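A.B. asks: If you scroll down you'll find the structure; I have some questions about it.
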Amino acid sequence: METKQTPPRYGMVIDVDRCTGCGNCMIACAVENNVPPPNEKATERTGAAWMRIARLDNGLPFPEHRSVFIPVSCQQCDHHTPCVSVCPQNAVEYDTESGIVAQIPVRCFGCRYCMTACPYHARFYNWWDPEWPEGMEKTLNPDVSTRMRGVVEKCNFCHGRLQLARAKAAAEGRREIADSEYQPACGDSCPTKAIRFGNLADPASEVSVLAKDKRSFRMLEELGTEPKVYFMSEQAWVHTIMKKNISTELKGHGNG
Amino acid sequence: MSITLTRREVLQFVGGAALGALFSPIPWKVLDDTAEWTQNWPWIPKAPTGNVSYMGATCTLCQSACGMRARTIGRQPISLAGITGHPFNNGALCTMGILAHHLRYHPQRLKQPVKYAPGSAHAAQLSSTNALDEISRHIASSAAAGSVAVIDSRPGRTASSLLRSICSSHEAMRYIPVSAPSLDVLHAMMPSAPLAPLGCDIDGASLILNFGAPLFDNWGTPSRAAALLDRRGAKDQTIIHVEGICSRSAERSSEWIAARPGSEALLALGIANVIIGEKLCSPAAARTITDFARFADFVAAFTPDAVSKAAGVTPETIKSTARAFASHRSAVAIIGSDASLDARSAVMALNVLTGAIGRTGGIALRSDIPGTAALSAHTAFVAAISSVPDHSLRVIILDESLSGCTLPDALLEKKLVSQDSIIVSLSPFVTPRPFCTQSVLPASVMFETLTDVPGPIDRPASSLALATAALPAPEGTMDAVQFALALGTAIGSPAAAAGTTEELIKQRIAALHASKRGSLFAPSTGAATAMKSVASADDVWSALTDGGCWIDDVPHGLDASAKFSLMPLFSGTPISLPKPREVDQLVVLPFAEMKVYDGTAISPLLSKVSQESDLRPGLHQAYVNPATAGGFAVATGDTISLTTEHGTMKVHARVDVSVMPGVIFVSTAHGSGAGGSVQQTSDIRMLCDMNGSGSFNPTPVSIQKVLA
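Listed in order, the protein sequences are those of chains C and F. Numbering (our numbering) for the first sequence: 1 to 256. Numbering (our numbering) for the second sequence: 1001 to 1708.
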């Protein structure tokens, strides 16, 4: 008799102490997901970048001052996912087969309730039609549709890559995908391996082990949204800010 | 039987149908379809379709020569990733490398030769033949020896060898390689030794004394930061970072010494003073220094107490740093590329004093790469830009076909004669230089041309990789070899008949194979094979064109007859301790976080790190410490006016605790600017004092808040 397998719950662990703030994750994400170059009027608040890196400071004066870089994308909330609850158009869906909070731009009519609901400022509204310099559209990723103005978009853990990995596994007669077969662009491009990605439902996976490490924590844990993105740091001040005050820190950076 | 409908019945039907429709999927379907229809306009770009395949490649954007795996549709790369296990980059790429396939379509791509008149931003079109004729006319009329400089932004290529040969055939021409600026002073310290490529054995070093090099931020290969972080975790490598800003590298080093910008030379001489005074230098190393006594006399004035005030570092820190540096078995001192010649010389002197030259974990004197492009083959014609007298060049020929390591425009202007001078450059992009006449020949970019790429400087051994052409180069563009051959033809040099790009590079690969030296990394196997076991030059070619690389054997130590002379570099511009009044002055300094790419065209998507986030400084951003800003009632976002003896400019203030009080850092990096362009360069460098090596000194400045 075939036993029912536990579906995967994909998640991420980001070692803040290894992040150098190089920006590779932001750039690789934009390339993978066909996020366009900015309109000339775009700013930090109106431009689109599914992954952003915020800088957190310890608040001390020079030269005791220290800072860390925090890559922030959709935290893929697992419980009472705020954006799913408020979308009137079913344009945000929680995929029970992967744990990924998916955004379906073609259903979105741009009410931006989800942006208001998101405590992590991880959603972006397309204020302009996408535009690439002439010829550069030939470099777009064929696995991801371009989006027009008037819709909201966000990180989906490079869902196109998951589909490719699933298709490859199916062609080989497998149902399960190894973590090495499916990695989002940000983790793939991280030169310091600060971003680890895998199946949190598998207790033996690297991300499961790291997520349970005493250095690990989640952003705004007290909200109870159970994000599937974990952060790690040995520095106590980073824990303090990330757990409680990060929303204030992100406000200047985010689009929400 | 006839059916009669009353008005009431029709209204009842319509009302009922409308009410019923609300409970059906129809309105939701209409809403959904409307959302879909309104998102498929013809002007929304569509991604290409076709069979996806993969190809190996080598990045040419800087000298790291990272191995890449390109995902392609047809031959068009659509995304790039590092090759896992590659000896240089081990799967990592930098932000520019990830976007390298965009350069072919850059808005500022040059399609045909253009000419700029002095002071004009208007480009007049001309043909390649006319451009080359003009070069030959200018060279023919430049009778003075060395009045024509050929500046090679990426030495060590086949094109470099050709350019050197061409220079050797004409008295007026001199060849100037833009080499790794932190290391090249060593050549001047070893005047009797043949010119050897230099490298730095970062992996072998147990202590790195780093004067401002961005070790954790794109210095060396993109995998360098990961390797350093691993070593930090294992606690088997110490990094002491010296810089006046709490940069990414400063924060991640074992120890950060917050020294006043511009005091690097003084600080290094202070450390040398302690090493010599406490007899910490290696006796064997001291014997290799021909002018040791003179150098000891010279550094005697730079005691820790004397240097302390100017550098903003306590005497105890200077002493403990010197002791730590001298006591480690494999310590090496490195310095950032924007340091002055004095600072680079003083830092390199520390390496000589402690015997770090030629030692494991020190500065490596590499063996030349086999083949005609050997660096030592034409030593007599090689000059450094700092040795060229000001206002002595009539013609500057710039090979800017590969980005990185370019010289600042202000330095080029300083070297040119004031009238009737011309710059001829080979560049893929529009690069106006308004201070003189300029002809620009369009160059091919990455994925359009075959080129050989010498490897990174953060490894002890020489190396070589190949970048191949996946797409046809636009008509009218040329690669560096073609440019060198055309230049040779124009001036009648025998080097002009050398062969095609592919023939010449294949000759080099054949010589590499025949040498049986080193090992060959092939991405297809993910392993390195000793060159002795590689069957044919074709196998070497296949591996290299697939994104692989050749790495030489690690060179043996320093030759027993090697001698160093430290003083000549310090005798040109005597270093003196600043007066207390000068130390307390408010100064301004240009800074670029991604220095290698400063002045280079980049993909518009890089705006994600500056325009659409504040990860990297945007254009014209001035970083000011809160203590300094408070004195002028300046807050983040304010416009401030900076005035030096060279002029005034307005910048946007960013109050940031990571910078030293009393110092204003103004970004020269790529920024988005108001027009969305990523190619604008700040003018802050025009406000700062430039030193002889083309970098900038901290310059006294006054600051004023501009009221809205």
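Where is the CB? At the ideal position from N, CA and C, for every residue including glycine. From a predicted model like this one, the values you see are computed outputs, not experimental measurements.
1. CB-CB under 7 angstroms to cysteine 87 of chain C, same chain, minus the five flanking residues each way: which ones, in chain order?
2. Which same chain residues end up closer than 6 angstroms to phenylalanine 157 of chain C when comparing Cβ atoms and leaving out the 5 residues on each side of it in sequence?
3. Quick check on proline 1698 of chain F - is its C-beta less than 8 angstroms from some C-beta in chain C?
4. Hey, could you find the ends of the alpha helix (DSSP H) methionine 1478 of chain F is sitting in?
5. Assuming alanine 1496 of chain F contacts glycine 1488 of chain F (C-beta within less than 8 angstroms), just tell me the rounded distance between them.
6. Nearest to histidine 65 of chain C by alpha carbon, out of F:Asp1614, F:Cys1246, F:Asn1130 and F:Ala1465?
7. Determine the direct distance from the alpha carbon of threonine 1644 of chain F to that of aspartate 1689 of chain F, and round the result to whole angstroms.
8. Drop a sphere of 10 angstroms on the beta-carbon of tyrosine 1054 of chain F, count the other beta-carbons inside from all chains shown, and report buried for 16 or more, exposed for fewer.
9. Terminal residues of the continuous beta strand (DSSP E) containing glutamate 93 of chain C?
10. What is the residue span of the beta strand (DSSP E) that aspartate 1152 of chain F lies within?
11. Would you be able to state if there are at least three C-beta pairs under 8 angstroms between the region 1461-1469 of chain F and the region 1047-1064 of chain F?
12. Give a yes or no on contact between the region 1063-1072 of chain F and the region 1537-1552 of chain F, applying the rule of three or more CB pairs nearer than 8 angstroms.
13. According to DSSP, is methionine 1446 of chain F helix, strand or coil?
14. If contacts are defined as beta-carbon pairs under 8 angstroms, then proline 1698 of chain F and proline 1214 of chain F qualify, I think. What distance do you get, rounded to the angstrom?
15. Going by Cα to Cα distance, which pick from F:Ala1498, F:Gly1355 and F:Ile1551 is closest to alanine 1522 of chain F?
16. Between valine 72 of chain C and the rest of its own chain, which residues show a CB-CB distance below 6 angstroms, the 5 nearest in sequence each way excluded?
17. Ordered along the chain, which non-local residues of its own chain (more than five positions away) have a Cβ less than 7 angstroms from that of phenylalanine 109 of chain C?
18. Going along the chain, which residues of its own chain have a beta-carbon closer than 6 angstroms to the beta-carbon of aspartate 1409 of chain F, five neighbours each way excluded?
19. Please give the ranges of any alpha helix (DSSP H) in the region 1328-1374 of chain F, keeping only runs that are unbroken, at least 4 residues long and fully inside the region.
20. If I follow the unbroken beta strand (DSSP E) through proline 1068 of chain F, where does it start and stop?
21. Please find out if some non-hydrogen atom of the ligand SAM comes closer than 7 angstroms to the beta-carbon of arginine 1164 of chain F.
22. Identify whether aspartate 57 of chain C lies in helix, strand or coil by the three-state DSSP scheme.
23. Alpha carbon to alpha carbon, how far is alanine 1322 of chain F from threonine 116 of chain C?
24. Start and end of the alpha helix (DSSP H) containing threonine 1158 of chain F?
25. Would lysine 193 of chain C count as contacting chain F if we go by Cβ distances under 8 angstroms?
26. Report the three-state DSSP secondary structure of isoleucine 1275 of chain F (helix, strand or coil).
27. Any idea if lysine 212 of chain C is buried or exposed, counting beta-carbon neighbours within 10 angstroms, 16 or more meaning buried?
28. Return the residues of the region 7-26 of chain C that lie within a Cβ-Cβ distance of less than 7 angstroms from chain F, sorted by chain order.
29. Could you check how far apart the C-beta atoms of methionine 232 of chain C and valine 16 of chain C are, in whole angstroms? I think they sit under 8 angstroms.
30. With H, G and I counted as helix, E and B as strand and the rest as coil, what does DSSP make of alanine 1377 of chain F?
31. Any Cβ of chain F within less than 8 angstroms of the Cβ of valine 229 of chain C?
32. If I measure Cβ to Cβ from glutamate 131 of chain C and keep anything under 8 angstroms in the same chain, skipping five residues before and after, which residues do I get?
33. For cysteine 1062 of chain F versus aspartate 1458 of chain F, is the C-beta spacing smaller than 8 angstroms?
34. Do you know whose CA, among F:Ala1035, F:Glu1134, F:Ser1249 and F:Met1096, lies nearest serine 1658 of chain F's CA?
35. Out of F:Ala1653, F:Ala1149, F:Leu1080 and F:Arg1008, point me to the one whose CA is closest to valine 141 of chain C's CA.
36. Using a Cβ-Cβ distance under 8 angstroms, would lysine 212 of chain C count as near chain F?
C.D. replies: On the basis of the supplied data:
1. For the purposes of this step, residue 87 of chain C is taken as residue 87 along the first sequence, with counting starting at 1. Same-chain partners within the cutoff: Tyr113 and Cys114.
2. Walking along the first sequence from the start, residue 157 of chain C turns up at place 157. So the qualifying residues of the chain are Tyr10, Ile100 and Pro184.
3. The residue you call residue 1698 of chain F lines up with position 698 of the second sequence. It does not; no Cβ of chain C falls within 8 angstroms.
4. For the purposes of this step, residue 1478 of chain F is taken as the residue at position 478 of the second sequence. Where methionine 1478 of chain F is concerned, there is no enclosing alpha helix (DSSP H), given that its DSSP letter is neither H nor E.
5. If you number the second sequence from 1, residue 1496 of chain F lands on position 496. If you number the second sequence from 1, residue 1488 of chain F lands on position 488. Confirmed, about 3 angstroms.
6. Numbered from its first residue, the first sequence carries residue 65 of chain C at position 65. That would be F:Cys1246, whose Cα lies nearest to the Cα of histidine 65 of chain C.
7. For the purposes of this step, residue 1689 of chain F is identified with residue 689 of the second sequence, where counting begins at 1. For the purposes of this step, residue 1644 of chain F is identified with residue 644 of the second sequence, where counting begins at 1. Answer to the nearest angstrom: the Cα atoms are 9 angstroms apart.
8. Looking up residue 1054 of chain F in the second sequence gives position 54. Per the 10 Å Cβ criterion, exposed.
9. Within the first sequence, the letter at position 93 stands for residue 93 of chain C. 92-94 is the span of the beta strand (DSSP E), which, as asked, contains glutamate 93 of chain C.
10. Your numbering for residue 1152 of chain F matches position 152 in the second sequence. From DSSP, the beta strand (DSSP E) with aspartate 1152 of chain F extends over 1148-1152.
11. yes
12. yes
13. Within the second sequence, residue 1446 of chain F is the residue found at index 446, counting from 1. Coil, per DSSP.
14. The residue labelled residue 1698 of chain F in the question sits at position 698 within the second sequence. The residue labelled residue 1214 of chain F in the question sits at position 214 within the second sequence. Between proline 1214 of chain F and proline 1698 of chain F the Cβ distance is about 18 angstroms, and since that is not below 8 angstroms, they are no contact.
15. One-based indexing of the second sequence puts residue 1522 of chain F at position 522. Closest by alpha carbon: F:Ile1551.
16. Within the first sequence, the letter at position 72 stands for residue 72 of chain C. Result list for valine 72 of chain C: Arg52 and Ala54, in chain order.
17. If you number the first sequence from 1, residue 109 of chain C lands on position 109. The answer, listed in chain order, is Gln89.
18. Counting from one through the second sequence, the residue named residue 1409 of chain F turns up at place 409. Around aspartate 1409 of chain F: Arg1433.
19. 1341-1353
20. For the purposes of this step, residue 1068 of chain F is identified with residue 68 of the second sequence, where counting begins at 1. It is worth fixing the name first, because residue 1068 of chain F is methionine in this sequence and not proline. Element bounds for methionine 1068 of chain F: 1067-1073.
21. For the ligand SAM, the structure offers nothing, since it holds no ligand at all.
22. Here the question's residue 57 of chain C lines up with position 57 in the first sequence. Strand at aspartate 57 of chain C.
23. As a working mapping, residue 1322 of chain F is identified with position 322 in the second sequence. As a working mapping, residue 116 of chain C is identified with position 116 in the first sequence. Using only the alpha carbons, I get a separation of about 56 angstroms.
24. The residue labelled residue 1158 of chain F in the question sits at position 158 within the second sequence. Threonine 1158 of chain F -> alpha helix (DSSP H) spans 1158-1168.
25. Residue numbering aside, residue 193 of chain C sits at position 193 when the first sequence is read from its first letter. Yes, contact with chain F.
26. By one-based count along the second sequence, residue 1275 of chain F stands at place 275. The answer is helix: DSSP assigns isoleucine 1275 of chain F an H, G or I state.
27. Position 212 of the first sequence, counting from 1, holds the residue named residue 212 of chain C. Exposed, since its Cβ has fewer than 16 Cβ neighbours within 10 Å.
28. Arg18, Thr20, Gly21, Cys22, Gly23, Asn24 and Met26
29. What you label residue 232 of chain C is simply residue 232 of the first sequence in a count that begins at 1. What you label residue 16 of chain C is simply residue 16 of the first sequence in a count that begins at 1. Indeed they touch by this definition, with Cβ atoms about 6 angstroms apart.
30. Here residue 1377 of chain F corresponds to residue number 377 of the second sequence, with the count starting at 1. With a pLDDT of 49 at alanine 1377 of chain F, under the threshold of 50, the modelled position of this residue cannot be trusted; read the value that follows with caution. Here alanine 1377 of chain F sits in helix by DSSP.
31. Numbered from its first residue, the first sequence carries residue 229 of chain C at position 229. False, the Cβ-Cβ gap to chain F never drops below 8 angstroms.
32. Within the first sequence, residue 131 of chain C is the residue found at index 131, counting from 1. Within the same chain, glutamate 131 of chain C has close Cβ partners Pro36, Pro37 and Asn39.
33. What you label residue 1062 of chain F is simply residue 62 of the second sequence in a count that begins at 1. What you label residue 1458 of chain F is simply residue 458 of the second sequence in a count that begins at 1. In this structure, aspartate 1458 of chain F does not lie closer than 8 angstroms to cysteine 1062 of chain F by Cβ.
34. Here residue 1658 of chain F corresponds to residue number 658 of the second sequence, with the count starting at 1. The candidate whose alpha carbon is nearest that of serine 1658 of chain F is F:Ser1249.
35. Residue numbering aside, residue 141 of chain C sits at position 141 when the first sequence is read from its first letter. Correcting the residue identity first, residue 141 of chain C is asparagine in this sequence and not valine. That would be F:Leu1080, whose Cα lies nearest to the Cα of asparagine 141 of chain C.
36. The residue you call residue 212 of chain C lines up with position 212 of the first sequence. Chain F, which has no Cβ nearer than 8 angstroms to the Cβ of lysine 212 of chain C, makes this no.
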